[in-house]
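Input: a single structure, listed below in structure tokens.
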Amino acid sequence: MFENSQNEILVAARLLLGGAFVFAGLRNIQNRKLVASLMAARGVPQATLALWLGIVLQVAAGALVIAGIWTT
């Protein structure tokens, strides 16, 4: 009885958590000039490159969480 609802809760949690990562990555793409300038102002070297690497990591990690890959 509870096994089914536990699976549904895990799927919902994966969607919410992974979706938050994907949403943050997509939001950074929309505001890339602003975010890159803020990163450069904080002293991040190669701010544009670091931003794109961070975006790729956020979107990929979110997709992996949603898909349930590398989760326990």
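Numbered according to my numbering, the sequence shown spans residues 6 to 77.
Beta carbons are placed, not taken as given, at the ideal position from N, Cα and C, and that holds for glycine.
**Report entry** Straight-line gap, Q51 to N36 (C-alpha atoms, nearest Å)
**Finding:** Reading the sequence shown from its first residue, position 46 is the one you call residue 51. Reading the sequence shown from its first residue, position 31 is the one you call residue 36. Looking at the two C-alpha atoms, the distance is approximately 17 Å.
**Report entry** Continuous alpha helix (DSSP H) stretch holding T53: start and end
**Finding:** For the purposes of this step, residue 53 is taken as the residue at position 48 of the sequence shown. Where T53 is concerned, the enclosing alpha helix (DSSP H) stretches over 52–72.
Query raised in the report: CB G30 to CB G73, shorter than 8 Å?
Result: Residue 30 sits at position 25 when you count from the first residue of the sequence shown. Residue 73 sits at position 68 when you count from the first residue of the sequence shown. Not closer than 8 Å, so no.
Query raised in the report: For V70, which of L39, N9, A25 has the nearest alpha-carbon?
Result: Counting from 1 along the sequence shown, the entry for residue 70 is found at position 65. The shortest Cα separation from V70 among L39, N9, A25 belongs to A25.
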